[in-house]
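As structure tokens, the structure follows; a few thoughts come after it.
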Amino acid sequence: MPELPEVETIVCELRAQCLGRSITSAELLRGDMLKRTADTFDSFAAFFMGRFFQGIDRTGKFITFHLDNGNKLIAHLGMTGKFISAKNGDPDPAHLCSRYRFADGGWLGHVDIRRFGRLELYRSDEEIESLKGLGIDPLSSQFEADSLLKFVHSPGGNKRRTRAVHTLLMDQSLIAGIGNIYASEALYLAGIRPSRHGGKLTKRDRERLAEAVVQVLRASIRACGTTISDYRRVDDKPGSFKEMLAVYGRPGEPCQACGSEIKKVKIGGRSAFYCGKCQR
DNA sequence: CCAACGTCCTGCGTGC
DNA sequence: TGCACGCAGGACGTTG
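Using numbering that gives the first Met the number 0, you'd call the opening residue of the first sequence number 0 and step up by one each time.
Okay, structure coming up:
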């Protein structure tokens with residue numbers, strides 16, 4: 000499940016793979032992946048033909064491909080999305096959703112087994128709606144403990160939030176890029192229970208949590224992300240952060256700090272993992 | 001306005 | 001052995 004570190008890894012590799020290569024054709028093989036516009040197989044192809052990728056960047060878990068004419072392709076990988084680098088004659092992988100062929104014979108494939116991901120096309124200066132509502136990127140220089148004040152109070156109201164901090168961490172409109180894995184890992188590092196109400200976080204909690212978020216995301220980027228099952232880099236190699244996970248996917252194992260058993264609970268319909276002794 | 005829940009989708013593990 | 005079922009989860013739409 001690509002979260003911020005996995006998407007960051009993929010974007011770096013996409014830049015190295017794709018920037019400046021002339022696109023001769025593009026195919027939309029799964030029309031249901033394209034949202035927002037009613038482009039057809041033909042207009043999708045025309046959108047890319049004769050162009051090249053001038054820049055590729057990440058906002059939260061979204062990838063923006065900037066074409067040289069100012070148009071943009073937005074991609075979200077959902078649960079099982081990935082990009083693969085292939086050469087002329089390579090067989091189509093299963094679940095190929097879209098493909099971008101380059102003049103040198105190579106192509107970039109976009110694969111998504113469960114199709115929770117999405118593609119969007121934007122022409123010239125259209126506002127990118129999918130990025131508009133996103134919260135702060137935790138790797139930006141503006142991210143600090145005060146960024147988590149939104150966890151305590153809603154922007155407008157005075158009432159303290161009752162949603163679990165685990166759920167708040169995954170709310171893309173508050174912080175962009177954290178999913179289920181890094182929510183559990185950051186809360187473990189910060190010593191905070193995932194079920195704790197956002198409104199009950201102290202200033203000290205928010206400082207520790209903000210620091211933990213940055214720490215775990217940066218560490219995972221250094222390991223090229225976490226491969227549990229589906230996530231793969233563009234070169235098909237797995238990320239290696241799985242072995243560094245302290246609690247996610249480790250129910251019943253001893254906590255590395257205190258030795259007590261790691262617990263698994265459902266919060267907001269999602270699995271959260273924590274140490275009942277270290278996290279309060 | 002805020003929160004909670006159902007929905008989409010496929011592959012894999014479990015139990016009968 | 002084979003089948004049915006439950007589970008995994010990001011974002012969005014609907015409901016409370």
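Yeah, the Cβ is synthetic: ideal placement off N, Cα and C, and Gly gets one too.
Reduced DSSP category for residue i - H, G, I as helix; E, B as strand; rest coil
i, result
"residue 276", "coil"
"residue 260", "strand"
"residue 31", "helix"
"residue 180", "helix"
"residue 16", "helix"
"residue 286", "Since the first and last residues shown for the chain are 0 and 279, residue 286 lies out of range."
"residue 142", "coil"
"residue 239", "strand"
"residue 197", "helix"
"residue 158", "coil"
"residue 42", "helix"
"residue 253", "strand"
Proximity of residue i and residue j at Cβ, strictly below 9 Å
i, j, result
"residue 150", "residue 118", "no"
"residue 121", "residue 127", "yes"
"residue 213", "residue 137", "yes"
"residue 188", "residue 211", "yes"
"residue 222", "residue 239", "yes"
"residue 23", "residue 48", "yes"
"residue 195", "residue 97", "no"
"residue 6", "residue 76", "yes"
Rounded separation between residue i and residue j - CA only
i, j, result
"residue 280", "residue 198", "Outside the displayed span of the chain (0 to 279) sits residue 280, for which this structure offers no information."
"residue 233", "residue 226", "13 Å"
"residue 59", "residue 175", "4 Å"
"residue 259", "residue 277", "9 Å"
"residue 270", "residue 68", "43 Å"
"residue 166", "residue 45", "41 Å"
"residue 81", "residue 132", "24 Å"
"residue 15", "residue 55", "10 Å"
"residue 242", "residue 73", "31 Å"
"residue 146", "residue 229", "32 Å"
"residue 116", "residue 31", "10 Å"
"residue 193", "residue 177", "14 Å"
"residue 140", "residue 50", "33 Å"
Segment limits, beta strand (DSSP E) that includes residue i
i, result
"residue 96", "95–101"
"residue 121", "117–121"
"residue 109", "106–111"
"residue 72", "71–75"
"residue 79", "Careful: residue 79 lies outside any beta strand (DSSP E) and carries neither H nor E."
"residue 165", "First-last for residue 165: 164–169, but that is the alpha helix (DSSP H), not the beta strand (DSSP E)."
"residue 66", "61–66"
"residue 52", "52–58"
Residue nearest to residue i in terms of C-alpha spacing, selected from the options
i, options, result
"residue 25", "217, 52 and 229", "52"
"residue 237", "83, 54, 75 and 47", "83"
"residue 62", "170, 104 and 4", "4"
"residue 17", "147, 101 and 142", "101"
"residue 148", "38, 205, 71 and 230", "205"
"residue 92", "104, 64 and 108", "108"
"residue 275", "268, 254 and 36", "254"
"residue 105", "78, 88 and 2", "88"
Residue range of the alpha helix (DSSP H) that includes residue i
i, result
"residue 217", "202–221"
"residue 246", "Taken as a continuous stretch (DSSP letters only), residue 246 belongs to no alpha helix (DSSP H), as it is neither H nor E."
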